[in-house]
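>
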Amino acid sequence: MKTNWHIISASVAGKGHLISGVPCQDANHWKILNKYWGIAVTADGAGSYVNSQIGSQYVSQNLIEVLKHELSTEQWFKHHKLPDNNEWREIAIKSIKQTLNNLKQYCLDYAIDVQTTGCTLNITVFSVDGILTVHIGDGRACYLNETDEWNSMIKPFKGEEVGSTVFITTEWIWEYPEICIETNVVRSKIKAFVLMTDGMESYTYFTYQKDDNGNYYDPNIPFKDFLNSNHKAIEQMVEKGMNEDEINQLWYEYLRTGNNLSEEYDDKTMLIGIFKSK
1165 MKTNWHIISA SVAGKGHLIS GVPCQDANHW KILNKYWGIA VTADGAGSYV NSQIGSQYVS
1225 QNLIEVLKHE LSTEQWFKHH KLPDNNEWRE IAIKSIKQTL NNLKQYCLDY AIDVQTTGCT
1285 LNITVFSVDG ILTVHIGDGR ACYLNETDEW NSMIKPFKGE EVGSTVFITT EWIWEYPEIC
1345 IETNVVRSKI KAFVLMTDGM ESYTYFTYQK DDNGNYYDPN IPFKDFLNSN HKAIEQMVEK
1405 GMNEDEINQL WYEYLRTGNN LSEEYDDKTM LIGIFKSK
């Protein structure tokens, strides 16, 4: 399908996994639904869960199909309008529950303990006129508006212990969905958006800083210099006529071997969507 969106993405094993021989536990998938709408998903498998790479791959693919079905009957979707916040939240949570049930059935079919497949989720339904988001766990997501400002779309969920978060298989998130599952409707013209797992956050965000009292806090502010340089580089490749397979391969190699990135222990996923009007 011809579209003005260019989606570039890669999931790359971190140095820690390369040393230990553990496969990459990140995953990303995306799909253009029509000339107006698309869906993108990133997932980060829990490092301590033996089958989390199965969970991240299955969930990130299945959610696209579930959401595609749910959205197809909505009038606002058909008429290229943004829904109100409650409409979107209802669809988002329903879709995640359905994908979780599908994951449980898949695990039953293949004799896998579903609790070993836990992963975070970061989902956008995107259009040039705005973005719908839902996420479980950590990771980051941001967008470039028409005045060339990068803004965060989500606030990552961080547990009380360093590095802890929640996953789609965490049972108690359904007791406290208002805390554990964040949904947003971004009502702004979109020039680009970015989804990433937490292996990329120290390169792309101002994260943990000290306040005047010496306490750490997370400002959750995108690092515009890094984002702008990569956005510009991808735009230039598109303008030169490079196809997306070529650009994706270069992007994969950059995340794998780039300056400082090659030393990152955690798996790295970064998905960039760029809208080009011509």
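Residue numbers (our numbering): 1165 to 1442.
We put the CB at the ideal spot given by N, CA and C, even for glycine.
Closest to residue 1368 by C-alpha separation, out of 1376, 1387, 1353, 1359, would be which residue?
It is 1387 whose Cα lies nearest to the Cα of residue 1368.
> Between which two residues does the alpha helix (DSSP H) carrying residue 1393 extend?
1388 to 1403
> Could you tell me if residue 1351 is buried or exposed, where buried requires 16 or more neighbouring beta carbons within 10 angstroms of its beta carbon?
exposed
> Reducing DSSP to helix, strand and coil, say where residue 1201 ends up.
coil
> Give, in chain order, every unbroken run of the alpha helix (DSSP H) that is at least 4 residues long and sits entirely within the segment 1406 to 1435.
Counting only runs of 4 or more, we get 1408 to 1421.
> When the Cα of residue 1436 is compared with those of 1421, 1424, 1390, which residue comes out closest?
Ranked by how close their Cα comes to the Cα of residue 1436, the residues 1421, 1424, 1390 have 1390 in first place.
> Do three or more CB pairs link the segment 1282 to 1289 to the segment 1206 to 1220 at distances below 8 Å?
Taking a cut-off of 8 Å on C-beta distances, the segment 1282 to 1289 touches the segment 1206 to 1220, as three or more cross pairs fall below it.
> Quick one: give me the first and last residue of the beta strand (DSSP E) that residue 1347 is part of.
1345 to 1350
> Using 8 Å for Cβ pairs, my map puts residue 1398 next to residue 1438. What's the rounded Cβ distance?
Contact between residue 1398 and residue 1438 holds: CB atoms are separated by about 6 Å, below the 8 Å threshold.
> Please find out if some non-hydrogen atom of the ligand FMN comes closer than 7 Å to the beta-carbon of residue 1203.
For the structure depicted, the ligand FMN is absent and the ligand set is empty, with no information on it obtainable.
> Which same chain residues, not among the five before or five after residue 1180, have their C-beta less than 6 Å away from its C-beta?
1429
> Specify whether the segment 1307 to 1322 and the segment 1236 to 1248 touch according to this definition: at least 3 beta carbon pairs, one from each stretch, less than 8 Å apart.
no
> Should residue 1344 and residue 1300 be called a contact, given that it needs their Cβ atoms to be closer than 8 Å?
yes
> Which whole runs of the beta strand (DSSP E) in the segment 1221 to 1302 are 3 residues long or more, in chain order?
Taken in chain order, the whole beta strand (DSSP E) runs of length 3 or more contained in the segment 1221 to 1302 are 1283 to 1291, 1294 to 1300.
> Roughly how many angstroms separate the alpha carbons of residue 1339 and residue 1333, rounded to a whole number?
13 Å
> Is residue 1217 helix, strand or coil when you go by DSSP?
helix
> Pull up the distance between the alpha-carbon of residue 1268 and that of residue 1287, whole angstroms please.
Approximately 20 Å between the Cα atoms of the pair.
> Could you round the C-beta distance between residue 1361 and residue 1433 to whole angstroms and report it? I think they count as a contact, below 8 Å.
4 Å
> Using 8 Å for Cβ pairs, my map puts residue 1294 next to residue 1349. What's the rounded Cβ distance?
7 Å
> Spatial neighbours of residue 1199 within its chain, please: C-beta separation below 7 Å, excluding the five flanking residues on both sides.
Correct list, in chain order: 1167.
> If you scan the segment 1347 to 1381 from start to end, which runs of the beta strand (DSSP E) of 3 or more residues do you find wholly inside it?
The DSSP assignment places complete beta strand (DSSP E) segments of no fewer than 3 residues inside the segment 1347 to 1381 at 1354 to 1360, in order along the chain.
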